[in-house]
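Letter 47 of the sequence shown, counting from 1, is numbered 52 in the numbering used here, and no numbers are missing.
Here's the structure, in structure tokens; my notes come after.
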Amino acid sequence: MTETPEPTVPAPAEEPRRALSPAAQRALAEAEARRAAGRDVAVDPDRMPPEVNGRKGPEPVRFGDWEKNGIISDF
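Here it is, written out as structure tokens:
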């Protein structure tokens, strides 16, 4: 019996990244700062404003109740 080696797939060569302009670097830094600030904020449902003209009853997304009185709500 002869053993045939498994064909290996060469890893794609990574292309060198282009140097970013100062404006692009600044935009990336600002986006990262916004993401970091968003992670620190916890949403407190009691402090949120009440929903205006919202649906009464169970939340359709959580409970799968997509139809009410023959009216189908599709988000």
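Where is the CB? At the ideal position from N, CA and C, for every residue including glycine.
Here the structure is a predicted model, which means the values were calculated and not measured.
Assign Glu11 to one of three DSSP states: helix, strand, or coil. Counting from 1 along the sequence shown, the entry for residue 11 is found at position 6. In the three-state reduction of the DSSP assignment, Glu11 falls in the coil class, being assigned neither a helical nor a strand state.
Glu20 versus Pro12: straight-line alpha-carbon distance, rounded: Numbered from 1 along the sequence shown, position 15 holds the residue referred to as residue 20. Numbered from 1 along the sequence shown, position 7 holds the residue referred to as residue 12. Approximately 24 Å, taken between the alpha carbons.
Straight-line CA distance for Arg23 to Thr9? Counted from its first residue, the sequence shown places residue 23 at position 18. Counted from its first residue, the sequence shown places residue 9 at position 4. Cα to Cα, Arg23 sits roughly 41 Å from Thr9.
Whole angstroms are fine: how far does the CA of Pro50 sit from the CA of Asn58? Locating residue 58 in the sequence shown gives position 53, where the first residue counts as 1. Locating residue 50 in the sequence shown gives position 45, where the first residue counts as 1. Rounded to whole angstroms, the gap between the alpha carbons of Asn58 and Pro50 is 17 Å.
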